Structures are given as C-alpha cells and as structure tokens.
Amino acid sequence: MMDQALELLMNRNIVEDPLDLLKQSVIVQKYTAMSDLNPLGKIFALIGLAEIPYAEKLPMTQMLISYVNQHLATPEGFSFTGKMEEIVPCYNALLFEAYSRLGLGKSPEAQNALAWIKQYQVFDRKQKTTWPHKGICKFGGCMNHVPCFIGIGKTLRALLTYQENVDASDEKVNEMIHLGIDYMLQHKMFQRLSNGRPISPHITDSMFPQSYHLSFTDLIYIVQKGQCTDDPRAQDLLQLLNEKRSKTGGWKIDYIYKYAGYLPFDNRRKDSEWLFYLYASKKP
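Okay, so the sequence shown: first residue is 23 according to this note's numbering, each after it adds one.
Dropping the structure here:
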C-alpha cells in the first residue's frame with residue numbers, strides 16, 4: 023500500500039486536506055516518534071521530512087527548524103557542528119536544499135548558506151576557494167587540490183532545487199548550475215577521469231532520502247532537473263539506470279544509510295515506489 027506521504031507528493035496540487043494525509047503517513051509517524059537525536063540525527067530527520075509536501079506544518083519539522091536556526095545556522099552558512107569554521111560544502115548544501123523545499127529559501131539562514139556557496143564553492147580543479155577556515159580540509163579534504171565531488175554534487179543538487187522552488191531568475195545561481203553540470207558531465211556524472219571507476223562509495227547506489235553520501239539517486243535528480251538527459255556524457259549514467267531496472271519494471275533501494283534520524287522511505291526487498299516516482303513517472 024502506498025504511503026500517504028508519497029500519495030501527497032504525487033497529488034499535491036489536488037489534495038483538499040494535506041495535513042490529514044500527513045497524519046496518516048507511516049513515514050511521518052516514524053519521524054514524529056523520534057527522540058533524543060543528536061545534531062547530525064536532527065539534520066538527517068529534517069532532510070527526510072523536507073522531501074514530503076507540507077511537512078513544514080508538522081510540529082516535528084518546526085522543532086527541527088528551530089534547532090537548526092539556533093544551533094547550526096551561522097552568519098556564513100550551515101555548519102553541522104554549529105562552529106562557523108567547520109562549515110563544509112555537503113552539509114551546508116543539504117540543509118540549504120531542505121530549507122528551499124520547506125518554504126524557507128528566502129530566510130536569512132538559507133540566504134547565508136547560498137551566499138557561502140556563491141562566494142566559496144568551486145566547480146573546477148583549477149580554482150581555489152578563498153574560504154579561510156580549515157574545516158574544509160578535514161574529512162578527506164573538501165576543497166584541497168581537487169574539489170570534493172560529493173560537495174559539488176550536493177551543492178549542484180541544492181542549487182537546482184532552489185532554482186525550481188525559490189528563484190529561477192538568480193543569474194549567479196544559474197551560472198553556477200551550468201558550471202557544476204559541465205564539471206560533473208566531464209566525469210560522466212560518476213566516473214574518475216583516470217580510470218573510469220566510480221568516484222566515491224555509493225555513487226552508483228540508489229538510496230532515498232539523501233544522506234551525506236552522493237548517490238545514484240542524486241545523480242539522476244541532477245541530470246533530470248538540469249535538463250541534460252540528452253547530453254552524450256550522461257548516457258553511461260542513463261544506461262546504468264536501465265540496467266538497474268528490476269524484472270518487475272521498477273527499481274530497488276541499493277543502500278540504506280545507518281544513523282539515528284535517518285529514515286529510509288522504502289526497504290530493499292521490493293521495488294521502491296519512491297524511486298519509481300523519481301526515476302520514471304511524469305511529474306505533475
């Protein structure tokens with residue numbers, strides 16, 4: 023049976039009482055039952071809830087937004103630790119995208135995150151960020167000699183969401199989307215330039231909702247929203263999408279991230295209705 027949260031996503035423009043559907047959703051009920059989450063857990067819960075239309079009206083979502091605003095939003099952007107010097111591209115982008123979905127794309131917190139992206143995110147090996155703090159040099163090096171592909175992918179995804187949901191006229195955002203898509207297409211979206219192998223763990227795995235891993239689901243989202251499915255450099259990705267299709271015509275979740283606050287919307291046993299909506303269906 024389809025969860026009411028997905029039903030709401032598919033019919034968001036014609037549902038008379040969205041809050042009633044939200045209350046019936048098993049996914050929403052599981053989020054509502056979460057307690058004692060640490061900061062990262064709160065981030066993952068908010069990211070998941072942001073995928074559900076009208077979730078911003080839920081007390082749980084409002085509580086999580088309040089927490090992020092008070093503890094993780096800095097004048098320079100979102101920090102997963104709350105310390106400005108430890109802002110990193112992936113978590114700044116993840117929260118920025120969530121805010122863009124939740125009707126908060128123009129909030130001061132989201133605009134600070136966007137300003138950070140505009141000023142400090144790079145999409146090219148030849149560029150160097152001017153961000154002075156060393157947090158981006160931890161965790162494998164977000165923007166060392168080569169910018170982290172995960173950070174680029176998550177940022178590009180967030181900018182596409184912002185463009186669609188908040189402001190399609192921001193010239194700097196549109197320019198960065200163009201640069202980011204071109205950079206990722208140079209890598210055929212998921213391959214190392216040196217040997218053609220997958221760039222990072224789980225980049226060819228379907229998962230939903232997002233975690234900090236750059237997933238196959240993220241890449242399909244980017245080529246669809248970026249309107250580059252006809253680009254020859256995207257064909258390896260789209261071929262893999264076809265290869266992943268199950269005998270019953272859908273797609274299965276490949277990987278479930280394990281962390282308190284992260285809630286998979288489907289299990290791995292059967293075709294995922296969420297993936298089918300994201301990968302194949304015509305959106306309203």
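Built from N, CA and C at the ideal position, the CB exists for glycine as well. Here the structure is a predicted model, which means the values were calculated and not measured.
In the DSSP assignment, find the alpha helix (DSSP H) that holds residue i and state where it starts and stops.
i, result
"N196", "193–208"
"F171", "171–187"
"R123", "111–123"
"F298", "295–301"
"L43", "40–46"
"M85", "81–89"
"K280", "Unbroken run through K280: none, as it is neither H nor E."
"K140", "130–142"
"P97", "Neither: P97 is in no alpha helix (DSSP H) and is coded neither H nor E."
"F230", "Run containing F230: none; DSSP gives neither H nor E here."
Could you give the distance in angstroms between the alpha-carbon of residue i and the alpha-carbon of residue j?
i, j, result
"Y92", "A132", "As written in the sequence, residue 92 is Gln, which differs from the Tyr given in the question. Q92 and A132: Cα-Cα distance of roughly 13 Å."
"T251", "Q51", "36 Å"
"V90", "G70", "14 Å"
"S216", "S57", "45 Å"
"D146", "A95", "27 Å"
"G63", "M32", "27 Å"
"F161", "I221", "Its pLDDT being 47, under 50, F161 is placed unreliably in this model, and the value from its coordinates should be taken loosely. Near 16 Å, if we compare the C-alpha coordinates of I221 and F161."
"F118", "A190", "16 Å"
"E38", "M229", "30 Å"
"L43", "M23", "14 Å"
"R255", "Y299", "24 Å"
"Y113", "S101", "7 Å"
"G163", "C170", "Any answer about G163 is weak, because its pLDDT of 45 lies below 50 and its placement is not dependable; what the coordinates show is given next. Taking the straight line joining both Cα atoms gives about 7 Å."
"N35", "Q26", "14 Å"
"M198", "Y184", "12 Å"
"Q143", "P111", "7 Å"
"Y53", "Q213", "35 Å"
"Q46", "L30", "11 Å"
"D288", "L263", "18 Å"
"L297", "P130", "33 Å"
"K292", "K247", "26 Å"
"I109", "T270", "43 Å"
"E107", "I172", "19 Å"
"K266", "Q141", "38 Å"
Throw me the rounded Cβ distance for the residue i and residue j pair, which I believe falls under 8 Å.
i, j, result
"D204", "D276", "That belief does not hold up - the Cβ atoms of D204 and D276 are roughly 27 Å apart, past 8 Å."
"F66", "Y301", "The Cβ separation is near 22 Å, so there is no contact."
"V188", "M211", "Actually they are not in contact, since the Cβ atoms of V188 and M211 sit about 25 Å apart, beyond 8 Å."
"L116", "I87", "At roughly 14 Å, the Cβ-Cβ gap does not stay under 8 Å, so L116 and I87 are not in contact."
"G202", "T177", "7 Å"
Taking the Cβ atom as the reference point for each residue, do residue i and residue j lie within a distance shorter than 7 Å?
i, j, result
"H209", "H224", "no"
"A120", "A55", "no"
"R179", "Y243", "yes"
"G253", "G175", "Reading the sequence as shown, one finds Asp at residue 253 and not Gly. No."
"L207", "V195", "no"
"E295", "L28", "yes"
"K237", "Y279", "One detail in the question is off: residue 237 reads as Ser in this sequence, not Lys. No, they are not a contact pair."
"P1", "N60", "Here the chain comprises residues numbered 23 to 306, so residue 1 is not present and cannot be evaluated."
"W138", "G104", "no"
Between residue i and the ligand MN, is the CB less than 6 Å from at least one heavy atom?
i, result
"N187", "Looking for the ligand MN in the displayed structure turns up nothing, as the structure carries no ligands at all."
* Asked: Is it a yes or a no for the segment 116–134 touching the segment 60–79, going by three-plus beta-carbon pairs under 8 Å?
  -> Verdict: yes, contact present.
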